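**Q**
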C-alpha cells in the first residue's frame, strides 16, 4: 500500500528566486492509500495499468518514476505496473507522490538496482517535493522544499479526512499573489496544533468555496484544517470510534474516510519482509 499523508501544519517561510518555496511542515502518514502491483519483464518495456483510465499514460508519476530509475541504474529489465487508486486526485494527500515513491522503492528491490534511500530520494525529488518523505517512509518534520526530513514518533491518533468535490492544482496555490510567504520559522520541539496553521488554506478557500464548507462542517465536531494545498480537510480524534461516529454523519455532497496515523510506511515494512 502506498500510504497517504497529512500536513499537520504548513508554513511558507520564503520564496526562492527560482520560484520554489521554503517551508516547514509535519508529515503524518496514514494507514490508507493506493495499491500497486509490479510484474517484471525482460523486454525492458514499462507499462502502467490504472483503475483510473486517465492515469494510464507516460505522464503519470508512476510511469515517470520507473523510467527515471531505469535510466539511473542502466537496468535492462522492465515492468508492468498496476495501480488501484483510492486516494482522490488534487486533494493534498500525496497520492501521486506516494505512488511514485512506492514505484522507486519496489523496482529498486525487484530490479536489484542497489540504490540507497538517499539516492532514491534525490531521484524522487525530481518528480515532486513530497516524494522524499515517502521514500524514507516515516512521519517527519520537514523543511527546505519539504525534502529536509527529521523522523518523528507521533502519538497515535485517528483522522477523519473529507475531500470536497473539487481538485486543486498545487501550482495554482503556490503561484497566487495572496499566498502568505513570510511566516516566521518555528522550532521542532512541542509544536502545538493550535499554534500553527496551513498558510495555503485561506487562498484555497477563496478559490474553492467547497473547501470552506467542508472546514465549517467538520469544524463543528473538532478543530479542522486543510492538508497541503487542498482540497482535503481533516480533524483528529483520540479513537477510531469517535472518528467513525462523525464520519457516519457526513453529507452526501462530501466524501471521506477514517484512517489511523502511523509512523512507518507499510511499503518499508513489506520490503523488509522480502
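Numbering (the working numbering), first residue to last: 98 to 371. Note that beta-carbon positions come from the ideal geometry of N, C-alpha and C, so glycine has one too. Remember, predicted model here, so these are calculated numbers, not experimental data.
By the 10 Å Cβ neighbour count, where 16 or more other Cβ atoms means buried, how is residue 303 classified, buried or exposed?
**A** Taking the chain shown and counting its residues from 1, one reaches residue 303 at position 206. Exposed, since its Cβ has fewer than 16 Cβ neighbours within 10 Å.
**Q** Could you compute how far the alpha carbon of residue 174 sits from the alpha carbon of residue 166?
**A** On the chain shown, position 77 is the one that residue 174 refers to. On the chain shown, position 69 is the one that residue 166 refers to. If I take the Cα positions, the gap works out to 11 Å.
**Q** At which residues does the alpha helix (DSSP H) containing residue 102 begin and terminate?
**A** On the chain shown, position 5 is the one that residue 102 refers to. First-last for residue 102: 99-112, but that is the beta strand (DSSP E), not the alpha helix (DSSP H).
**Q** If contacts are defined as beta-carbon pairs under 8 Å, then residue 176 and residue 135 qualify, I think. What distance do you get, rounded to the angstrom?
**A** Translated into positions along the chain shown, residue 176 becomes position 79. Translated into positions along the chain shown, residue 135 becomes position 38. Rounded, the Cβ-Cβ distance is 5 Å, consistent with contact.
**Q** If you draw a straight line from the C-alpha of residue 330 to the C-alpha of residue 140, how long is it?
**A** Counted from its first residue, the chain shown places residue 330 at position 233. Counted from its first residue, the chain shown places residue 140 at position 43. Those two C-alpha atoms are separated by around 43 Å.
**Q** Quick one: residues in its chain with C-beta nearer than 7 Å to the C-beta of residue 309, no 5 flanking neighbours on either side, listed in chain order?
**A** What you label residue 309 is simply residue 212 of the chain shown in a count that begins at 1. Only 302 meet the Cβ criterion.
**Q** Ignore the nearest five residues each way along the sequence and tell me which others in residue 170's own chain have a CB closer than 6 Å to its CB.
**A** Reading the chain shown from its first residue, position 73 is the one you call residue 170. Here the set comprises 210.
**Q** Let me check one thing: in DSSP terms, what residues is residue 355 bridge-paired to?
**A** Counting from one through the chain shown, the residue named residue 355 turns up at place 258. Paired residue(s): 257.
**Q** Please work out which residues of its chain come closer than 6 Å, Cβ to Cβ, to residue 119, disregarding the five sequence neighbours upstream and downstream, and give them in chain order.
**A** For the purposes of this step, residue 119 is taken as the residue at position 22 of the chain shown. The answer, listed in chain order, is 110, 111.
**Q** Measuring alpha carbon to alpha carbon, tell me which of 99, 123, 159 ends up nearest residue 284.
**A** Here residue 284 refers to the residue found at position 187 when the chain shown is read from its first residue. For the residues 99, 123, 159, the minimum Cα distance to residue 284 belongs to 123.
**Q** Using 10 angstroms around the beta-carbon of residue 354, count the other beta-carbons present and answer buried if the total reaches 16, otherwise exposed.
**A** Here residue 354 corresponds to residue number 257 of the chain shown, with the count starting at 1. Buried: at least 16 other Cβ atoms inside 10 Å.
**Q** Residue 134 by DSSP, collapsed to three states: which one?
**A** Here residue 134 refers to the residue found at position 37 when the chain shown is read from its first residue. Residue 134: strand per DSSP, three-state reduction.
**Q** Relative to the alpha-carbon of residue 200, which residue among 183, 121, 265, 179 has its alpha-carbon at the smallest distance?
**A** As a first step, residue 200 is located in the chain shown; it is residue number 103 there, counting from the start. It is 179.
**Q** Compare the C-alpha of residue 251 against each of 236, 181, 264, 262 and name the closest.
**A** As a first step, residue 251 is located in the chain shown; it is residue number 154 there, counting from the start. With distances taken between Cα atoms, residue 251 lies closest to 236.
**Q** Name, in chain order, the residues that DSSP records as bridge partners for residue 229.
**A** Within the chain shown, residue 229 is the residue found at index 132, counting from 1. In the DSSP output, where bridge partners are listed per residue, residue 229 has none listed.
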